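Numbering (my numbering), first residue to last: 144 to 742. Cβ atoms here follow ideal geometry from the backbone N, Cα and C, with glycine treated the same way. The model shown is predicted, which means the values in this text are computed figures rather than measured ones. Each remark here refers to the structure printed beneath this line.
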Ligand code: CKX
């Protein structure tokens with residue numbers, strides 16, 4: 144279990160939070176000798192590097208852009224006045240893919256996994272009134288027990304190169320904000336909420352974890368700041384009369400205020416926005432607040448020009464505006480948990496999130512998308528790295544659920560993307576992942592994962608583990624594309640008929656479908672890669688979906704063009720975006736907009 148608090152930084156009269164975002168020092172360490180040479184005490188010849196951002200796309204030298212191995216970041220900070228006798232933490236939104244943190248030369252924490260927060264208690268390492276040196280030692284190599292999976296190739300000159308088993312660039316660095324947090328000695332560590340709807344009213348069941356024994360009290364404020372419910376005790380229920388529900392694309396957020404009270408004095412306070420809503424699956428329907436919802440939206444990436452995977456509020460804002468313009472209501476955090484700010488934004492905008500762990504690349508192929516799209520078979524789970532992979536997978540799932548559990552936007556958890564699922568090994572592996580995950584979410588949200596073409600109804604061993612079934616299918620692109628699109632339609636219908644014949648009575652959601660499309664490429668009649676073909680492909684797929692009532696959602700691939708590893712199948716990245724990488728619509732965007740406005 145994680146001993147530290149994953150709560151998002153919050154500041155008020157009792158808690159402080161300041162970011163260290165800005166220009167840091169940076170140095171690569173190709174020989175991995177920085178540790179022995181004492182770089183924890185300061186980098187010998189650094190260059191400057193923006194945080195948060197991936198380092199890759201700032202460089203003009205390809206060897207620096209594709210740098211794989213150890214690298215270091217460093218910055219300096221002062222404590223704020225009044226922070227001398229406080230408990231102090233440093234919090235990284237993520238360190239990709241693994242990192243070790245040092246404060247004034249003292250090693251504080253090592254964390255594996257590049258997409259979830261890393262925290263270290265710096266209380267005993269900092270010097271009030273003096274500059275404090277924060278150094279981070281990172282590594283971005285891929286292997287078959289890392290999430291995501293891949294390999295690291297050593298070139299004849301000794302240089303390392305990432306060989307992802309996945310179709311997105313191996314962006315690395317400090318991608319999310321870094322915070323120094325000041326907290327009281329006795330503090331709120333965690334909280335969970337679950338909901339019951341009772342006619343017009345709602346019950347908010349809460350439980351609060353602190354690191355002390357003093358009393359806890361909890362209140363709920365409405366949009367205007369008025370307290371509408373109050374309760375005492377670390378566990379309890381807030382009764383909200385005439386509750387405003389958090390609805391899809393019509394969000395209402397309350398603020399929950401948690402306090403620790405010692406002798407009538409409040410010694411810690413944590414406040415966060417929450418939304419009252421329920422999630423349930425009934426037969427083939429996904430119910431939010433007991434009403435069926437059809438998922439309309441996208442698989443996304445954290446990806447943008449120059450910044451790579453670095454979080455930027457401006458990019459998030461534009462993405463939500465574009466998604467709303469098409470009347471989308473949902474996105475999948477393919478293929479890793481995103482920066483927490485995405486979830487806060489989705490909470491406000493009423494978007495549903497299918498939250499995904501970085502369990503991608505679980506097929507031994509560096510052109511995995513081809514294997515996955517065409518149904519080529521590759522074993523994976525028989526490999527000897529499995530015990531460590533499984534441990535990492537469960538740890539990631541646990542950290543993601545702990546971090547994201549209170550967001551109303553998160554309606555379900557995706558525990559994998561396109562692994563090999565047809566062997567007994569795969570079943571054993573995923574049974575362990577699902578069993579662990581079932582214990583973790585206080586709201587018991589549905590669990591699923593995205594299945595690729597190999598995972599056919601007669602072969603897949605793992606779909607029974609899922610509460611609803613997500614299909615990534617490319618009939619008309621990887622299979623029977625262009626002039627063979629009629630055949631593609633027949634093949635898609637044939638597969639759906641087989642699923643239907645199984646009478647599973649669960650919802651199915653398409654979590655990927657799409658065609659690479661070069662913006663501005665026009666052709667009449669259409670050919671593959673043209674904007675016209677992207678439209679025709681979607682029209683065909685949507686026509687089929689509408690004939691199967693167990694299909695309860697369509698998350699198209701991808702929201703926007705995104706960067707990948709170079710190769711003969713990718714022209715400066717994956718071009719399946721409905722929007723370009725700079726977020727301008729391709730012609731198919733208007734097809735989606737029309738369809739989703741009417742659905
Ligand atoms: N699915 C058939 C995983 C995504 C890829 C996508 C693609 C594949 C398709 C597999 O990460 O980008 O090839 O476009």
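Residues that DSSP places opposite residue 191 in a beta bridge: On the chain shown, position 48 is the one that residue 191 refers to. Per DSSP, 168.
Contact the stretch 262 to 282 vs the stretch 291 to 300: 3+ CB pairs below 8 Å: They do not touch, by the three-pair rule.
Cβ-based burial, residue 144 [other Cβ within 10 Å; buried from 16]: By one-based count along the chain shown, residue 144 stands at place 1. The pLDDT assigned to residue 144 is 37, lower than 50, so where the model puts this residue is not dependable, and the model offers no usable value.
Ligand 1 heavy atom lying under 6 Å from the CB of residue 524: Your numbering for residue 524 matches position 381 in the chain shown. Answer for residue 524: no, Cβ out of range of ligand 1.
Identity of the residue in 670, 589, 595 and 354 nearest residue 628 by Cα: Here the question's residue 628 lines up with position 485 in the chain shown. Among 670, 589, 595 and 354, the Cα nearest to that of residue 628 is on 670.
Length at least 3, wholly inside the stretch 353 to 433: the beta strand (DSSP E) runs in chain order: Qualifying beta strand (DSSP E) stretches, in chain order: 358 to 364, 370 to 375, 378 to 383, 397 to 405, 408 to 417, 422 to 425 and 428 to 431.
Validate contact between the stretch 701 to 717 and the stretch 684 to 691 using beta carbons, cut 8 Å, 3 pairs: Inter-segment contact for the stretch 701 to 717 and the stretch 684 to 691 is absent: fewer than three beta-carbon pairs are separated by less than 8 Å.
Cβ-Cβ distance between residue 331 and residue 353 below 7 Å: For the purposes of this step, residue 331 is taken as the residue at position 188 of the chain shown. For the purposes of this step, residue 353 is taken as the residue at position 210 of the chain shown. In contact: residue 331 and residue 353 (Cβ atoms closer than 7 Å).
Under the three-state DSSP convention, the category residue 744 falls into: No answer is possible for residue 744: it lies beyond the span of the chain, which begins at 144 and ends at 742.
Exposure label - residue 166; buried when at least 16 CB within 10 Å: Here residue 166 refers to the residue found at position 23 when the chain shown is read from its first residue. Counting Cβ neighbours within 10 Å, residue 166 comes out exposed, since fewer than 16 surround it.
Residues sharing a beta bridge with residue 214, DSSP: Walking along the chain shown from the start, residue 214 turns up at place 71. In DSSP, residue 214 forms a bridge with 171 and 281.
Cβ distance (whole Å) where residue 719 is taken to contact residue 659 below 8 Å: In the chain shown, residue 719 corresponds to position 576, counting from 1. In the chain shown, residue 659 corresponds to position 516, counting from 1. Going by Cβ atoms, the distance from residue 719 to residue 659 rounds to 5 Å, so yes, they are a contact pair.
Contact test: residue 719 Cβ vs ligand 1 heavy atom, cutoff 6 Å: Against the chain shown, residue 719 aligns to sequence position 576. Yes; taking the cut-off as 6 Å, the Cβ of residue 719 has a heavy atom of ligand 1 nearer than that.
Proximity test, residue 512 beta-carbon vs ligand 1 heavy atom, cut-off 6 Å: Residue mapping note: residue 512 aligns to position 369 of the chain shown, counting from 1. Yes, the beta carbon of residue 512 sits closer than 6 Å to at least one heavy atom of ligand 1.
Within the stretch 524 to 592, ranges of the beta strand (DSSP E) (whole runs, at least 3 residues): You should have 553 to 560.
The stretch 164 to 183 in contact with the stretch 266 to 273 per 3-pair CB rule at 8 Å: No, they do not touch.
Residue 628: first and last residue of the uninterrupted alpha helix (DSSP H) it sits in: Residue 628 sits at position 485 when you count from the first residue of the chain shown. 628 to 644 is the extent of the alpha helix (DSSP H) around residue 628.
From 558, 319 and 624, residue whose alpha carbon lies closest to that of residue 500: As a working note, residue 500 is residue 357 in the chain shown. Nearest option by C-alpha distance: 558.
Top-ranked residue by Cα proximity to residue 502, from 479, 496 and 489: Taking the chain shown and counting its residues from 1, one reaches residue 502 at position 359. Closest option to residue 502, Cα to Cα, is 479.
beta-carbon residue 617 near ligand 1 non-hydrogen atom, thresh 6 Å: Along the chain shown, one-based indexing puts residue 617 at 474. Yes, the beta carbon of residue 617 sits closer than 6 Å to at least one heavy atom of ligand 1.
The stretch 382 to 396 / the stretch 412 to 427 touching (three or more Cβ pairs under 8 Å): Between the stretch 382 to 396 and the stretch 412 to 427 there are three or more inter-stretch CB-CB distances shorter than 8 Å, so the stretches are counted as touching.
Cβ-heavy atom distance, residue 310 to ligand 1, below 6 Å: Mapped onto the chain shown, residue 310 falls at position 167. At least one heavy atom of ligand 1 is nearer than 6 Å to the Cβ of residue 310, so yes.
Residue from 538, 714 and 158 whose Cα sits closest to the Cα of residue 325: Within the chain shown, residue 325 is the residue found at index 182, counting from 1. Of the candidates 538, 714 and 158, the residue whose Cα lies closest to the Cα of residue 325 is 158.
Element boundaries [beta strand (DSSP E), containing residue 439]: For the purposes of this step, residue 439 is taken as residue 296 along the chain shown, with counting starting at 1. Unbroken beta strand (DSSP E) run through residue 439: 438 to 442.
Sequence-distant residues of the same chain with beta carbon closer than 6 Å to residue 243, five excluded per side: Here residue 243 corresponds to residue number 100 of the chain shown, with the count starting at 1. The answer, listed in chain order, is 253 and 280.
Those runs of the beta strand (DSSP E) which lie wholly inside the stretch 211 to 296 and span at least 3 residues: The stretch 211 to 296 contains, as complete beta strand (DSSP E) runs of 3+ residues, the segments 213 to 220, 230 to 235, 241 to 246, 249 to 255, 261 to 264 and 275 to 282 (chain order).
Reduced DSSP secondary structure (H/G/I, E/B, other) of residue 596: Here residue 596 corresponds to residue number 453 of the chain shown, with the count starting at 1. Three-state result, residue 596: coil.
Limits of the unbroken alpha helix (DSSP H) element including residue 313: As a working mapping, residue 313 is identified with position 170 in the chain shown. Premise fails: residue 313 is in no alpha helix (DSSP H) and is neither H nor E.
Residue 687, enclosing beta strand (DSSP E) - first and last residue: Walking along the chain shown from the start, residue 687 turns up at place 544. No beta strand (DSSP E) contains residue 687, which is instead part of the alpha helix (DSSP H) from 674 to 688.
Extent of the continuous alpha helix (DSSP H) to which residue 205 belongs: On the chain shown, residue 205 is found 62 positions in, with the first residue counted as 1. Element bounds for residue 205: 205 to 208.
From 274, 323 and 307, residue whose alpha carbon lies closest to that of residue 154: Walking along the chain shown from the start, residue 154 turns up at place 11. Per the Cα distances, 323.
Alpha-carbon to alpha-carbon, residue 255 and residue 285: Translated into positions along the chain shown, residue 285 becomes position 142. Translated into positions along the chain shown, residue 255 becomes position 112. Cα-Cα distance, rounded: 12 Å.
Cβ contact (3+ pairs, closer than 8 Å) linking the stretch 222 to 229 and the stretch 300 to 310: Contact fails: fewer than three Cβ-Cβ distances are below 8 Å.
Best match in 498, 568 and 504 for proximity to residue 527 [C-alpha to C-alpha]: On the chain shown, residue 527 is found 384 positions in, with the first residue counted as 1. Measuring C-alpha to C-alpha distances from residue 527 to each of 498, 568 and 504 identifies 568 as the nearest.
Of the residues 149, 458 and 381, the one placed nearest residue 726, counting alpha carbons only: Against the chain shown, residue 726 aligns to sequence position 583. With distances taken between Cα atoms, residue 726 lies closest to 458.
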